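Participant:
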Amino acid sequence: VEVRYKLTLIGSLSVHRLTTMAMLPWVVAEISKAQRSERKPGRPETVFLCVSVSWVRCVAILGEGMVWDPLTHTLLFECLPHQVTKLIHNSQEPSSFGCLLRDSANCACYVFQSQDSTKVS
Numbered sequence: 026v027e028v029r030y031k032l033t034l035i036g037s038l039s040v041h042r043l044t045t046m047a048m049l050p051w052v053v054a055e056i057s058k059a060q061r062s063e064r065k066p067g068r069p070e071t072v073f074l075c076v077s078v079s080w081v082r083c084v085a086i087l088g089e090g091m092v093w094d095p096l097t098h099t100l101l102f103e104c105l106p107h108q109v110t111k112l113i114h115n116s117q118e119p120s121s122f123g124c125l126l127r128d129s130a131n132c133a134c135y136v137f138q139s140q141d142s143t144k145v146s
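Numbering (the numbering used here), first residue to last: 26 to 146.
(1) Going by DSSP, what residue range makes up the beta strand (DSSP E) through HIS98?
(2) On the DSSP letters alone, give me the boundaries of the beta strand (DSSP E) that ALA85 sits inside.
(3) Assuming THR110 and ARG82 make a contact with CB atoms under 8 Å, what is their CB distance in whole Å?
(4) Taking DSSP's pairing of strands, which residues face ALA54 in a bridge?
(5) Assuming GLN140 is part of the beta strand (DSSP E), what are its boundary residues?
(6) Rounded to whole angstroms, what's the CA-CA distance from LEU112 to LEU96? Just pull it up for me.
(7) Where does LEU49 sit, in a helix, a strand or coil, going by DSSP?
(8) Give me whichever residues DSSP pairs with THR33 in a beta bridge.
(9) Pick from ASN131, GLU70, THR44 and LEU49: whose alpha carbon is nearest that of HIS98?
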């Protein structure tokens with residue numbers, strides 16, 4: 026069974042493997058600040074965050090109601106659930122959250138925004 030959340034990807038940043046929970050608010054702020062300063066024409070990137078007991082997967086989507094097709098859906102990341110090592114929720118931005126992903130070689134922070142803040146809290 027897979028649960029899908031339709032979100033907006035605010036941005037991501039590669040970080041050092043020793044990044045701690047105390048550092049995450051600054052990392053999330055930097056990602057959000059960079060996104061605001063790089064305002065690009067067009068729509069923000071809409072993604073599906075798909076969660077199951079076997080994986081966490083983030084897929085960029087180009088259109089509504091499209092069937093999975095590698096030509097129209099780009100896999101941004103896929104990891105095992107235990108590789109999502111930290112989650113951060115900012116009470117000042119109730120519809121946004123960040124997550125820290127770690128694997129054996131890399132570490133990255135992703136920031137998402139939901140249209141429904143009840144899905145985030």
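Ideal placement from N, C-alpha and C gives every residue a C-beta, glycine not left out.
Note that the coordinates shown come from a computational prediction; the quantities given were computed from them, not determined experimentally.
Facilitator: Concretely, from the data shown:
(1) 98 to 104
(2) 81 to 86
(3) About 17 Å; that fails the 8 Å criterion.
(4) BP columns for ALA54 are empty, so no partner.
(5) It is not in any beta strand (DSSP E) - GLN140 carries neither H nor E in the DSSP assignment.
(6) 30 Å
(7) helix
(8) THR71 and GLN138
(9) GLU70
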